[in-house]
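Okay, so here's the structure we're looking at.
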Amino acid sequence: MRYRITLAAVFLAGFVAGSLVLLVRSQEPKANGKAPHDAVAQAQTPNEVPVERPEQRKTEHDRSAIFAPGKALPTTEALAEQKDHGQMLGFDFYRDPLGAPKPGMTFEDIYKAGVEGKPKAMATQRKLLESRYNLEAKLDPEATMSRGKPLVIGPTARLAEGTDWDALTAMSAEDISKKDIFPYKALPHPVQGGGLGGQVFPQMQIKMFPRLERYDVEFDLPEAFLPEFPPAMFLQNRPELGDVSRGEVVSINNYYRLFADILTPVQLDGLRLLVTPFSQEEFNPTSDRKTAQASLGVTCLDCHTNGHTSGQFHITPDVRPEQRRQRLDTVSLRGVFNQQIHGSKRSLRSVEDFTEFEQRTAYFNGSEIDAIKKGMNILDRIQVSHMAQMQNMFGFPPAPKLTLTGHLDPARATPQELSGEKLFFGKAQCSACHPAPFYLDNQMHDLHVERFLHDEAGDGPIKAFTLRGIKDSPPYLHDGRCLTLEDTVEFFNLVQSLKLSKQEKADLVAFLRTL
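With this note's numbering, letter number 171 in the sequence shown gets 151, and the count goes up by one each step, no holes.
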């Protein structure tokens, strides 16, 4: 009898252990290349079922045209004597999609136009990019990002015929503007006009999460010039763990398994909210969307992947009219705990305020009206504080060559890196906006790039973002116009008239890679 009980207990323990293994494996990425299970996509995608019951069958009433607004009977025949017979024939914000060229257009109309216009829009953008950059990535054989992706060696910018970097550096801003040869002009969104623009995700992310695909536009930069996917994830409250992502993209499908024993309950709840989808301008359940199927929205970490970024872009919600809006890369949340202002333009003073503002307006082109139409998410202050506490846990990647003051340790750094550091804090003037130890000053600065531009407006003041871990965050500048660190150094060498030599520029890049 005792033997049977022991055998049963062993069997039960084995069954439970096996079930737990299966449960864990079911939440891991598939090894066959197919996208893993996505609870968000499953929640918004109904299954097709056979018509087996009478109530499932479409009737003549179901198929009739009486539901069309133009078929509705008026409240009184007297409306026949009034303008438009009492009908709304102009634009009705709640009915008509943003940017619709005429009133009364259906989702099918807008979808058809977007699908048909996509090839031309992307061909135009590709032509522009190829005219500005050499898009054949030259990979560094040694230098990598945190999880091993090779860095691209620049500069990639194409210079005007008969011009080289030395000649360009010797020219005045007025001459560069007059000849229209500034190599780092503002980078546009591929479909900015007509109330479009909006969030665009790279293909490597869409392959895993197809719900992020748009029907009217696709990502424009080659994958080699983007951050890692998945990117490494660091926690400032558990620095000894290093990269805590374990090679996974943190989502609603795996956040609890990955972090239940690492985060506090408050932080874990904040992470839950950060991986929960909420409506957004292009991703929402209304007909005014840019996805083929109705969408629950996007999550905070769809854009700030693993508390970092995978290079997604959109356009600033802070500027009008439409043609003055700037393309914006999604920035990393690493080191948010040490930042005192938030947003490239908005200069919001707490991550709590920023979180609320994003949910209520910025997700919707800075419009409360759009937010109300598509699903404004009113979070209470407890939820906001939980989200903020989690965001404040995102840490910087290790920088083993830096001392406690953020400067290079001479015993670990190479002569080239030390030379680059001297330039950074001296001739190159980088530290004026990016002081150690965290390489940010919590200020906004105006570079007045319009001095070099032929017929473009400048950007005005832009937040100076942290340079810690900068090698993990290409492309650079707020709109991604500098594809590599070398391009970024060339940009500032021109804009600040630094007159750096070729060797000095290489040394400066070497130092930036140590951060």
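All residues carry an ideal CB built from backbone N, CA and C; glycine is no exception.
How would you write the range of the beta strand (DSSP E) that residue i sits in, first residue to last?
| i | result |
| --- | --- |
| L308 | R307 to D309 |
| H294 | F293 to I295 |
| V132 | P130 to V132 |
| L119 | L119 to T124 |
Residue i by DSSP, collapsed to three states: which one?
| i | result |
| --- | --- |
| C462 | strand |
| P207 | coil |
| A486 | helix |
| E8 | Caution applies to E8, whose pLDDT of 47 falls short of 50 and renders its modelled position unreliable; the model cannot decide the point. |
| Y236 | helix |
| H498 | Because residue 498 is not part of the residues shown, which for the chain are -19 to 495, the question remains open. |
| L382 | strand |
| F471 | helix |
| H322 | strand |
| V171 | coil |
| L215 | strand |
| F263 | coil |
| V31 | coil |
| L495 | coil |
| S197 | For clarity, residue 197 is Val in the given sequence; the question names Ser instead. In the structure shown, V197 sits in coil (DSSP, three-state: anything other than H, G, I, E or B). |
What are the start and end residues of the alpha helix (DSSP H) that includes residue i?
| i | result |
| --- | --- |
| A150 | W145 to A150 |
| V246 | P245 to L254 |
| D360 | D360 -> no alpha helix (DSSP H), and no H or E assigned at all. |
| I186 | Q183 to M188 |
| S157 | A153 to K159 |
| P395 | P395 to F404 |
| V224 | Taken as a continuous stretch (DSSP letters only), V224 belongs to no alpha helix (DSSP H), as it is neither H nor E. |
| V20 | A19 to A23 |
| C410 | Unbroken run through C410: none, as it is neither H nor E. |
| L281 | C280 to C283 |
Count the other CB atoms within 10 Å of the CB of residue i; is the residue buried (16 or more) or exposed (fewer)?
| i | result |
| --- | --- |
| V489 | buried |
| T279 | buried |
| G250 | buried |
| T446 | buried |
| E35 | exposed |
| H425 | exposed |
| A240 | exposed |
| N114 | exposed |
| G(-6) | For G(-6), the predicted model reports a pLDDT of 46, less than 50, meaning its position is unreliable; a value from the coordinates is still stated below. Exposed. |
| H428 | exposed |
| T385 | exposed |
| M68 | exposed |
| F334 | buried |
| Q247 | buried |
| Y74 | exposed |
| S330 | exposed |
| R191 | buried |
| D389 | exposed |
Heavy atom of the ligand ADP less than 7 angstroms from the Cβ of residue i, yes or no?
| i | result |
| --- | --- |
| L465 | Among the ligands in the structure shown, none appear at all, so the ligand ADP cannot be discussed. |
Taking the DSSP output, what are the residues bridged to residue i?
| i | result |
| --- | --- |
| H425 | I442 |
| A137 | Y113 |
| V229 | Its beta-bridge partners do not exist; DSSP assigns none. |
| Y520 | As displayed, the chain neither begins before -19 nor continues past 495, which places residue 520 out of reach and without an answer. |
| L388 | L382 |
| F162 | According to DSSP, F162 bridges with nothing at all. |
| F497 | Since the first residue of the chain shown is -19 and the last is 495, residue 497 is not available in this structure. |
| F374 | L215 |
* Check whether the segment 173 to 183 touches the segment 465 to 477, taking contact to mean three or more Cβ pairs, one atom from each stretch, closer than 8 angstroms. => no
* Is the segment 77 to 91 close to the segment 103 to 115, with three or more CB pairs under 8 angstroms? -> no
* Asked: Using 8 angstroms as the threshold, is the segment 285 to 304 in touch with the segment 446 to 460, meaning 3 or more CB pairs across them?
  -> yes
* Below 8 angstroms, can you find three or more Cβ-Cβ pairs linking the segment 268 to 279 to the segment 295 to 315? -> no
* For the segment 212 to 224 against the segment 337 to 350, are there 3 or more C-beta pairs whose distance is under 8 angstroms? -> no
* Answer yes if the segment 364 to 383 comes into contact with the segment 309 to 316, meaning at least three C-beta pairs across the two stretches below 8 angstroms, and no otherwise. => yes
* Asked: Below 8 angstroms, can you find three or more Cβ-Cβ pairs linking the segment 159 to 174 to the segment 258 to 265?
  -> no
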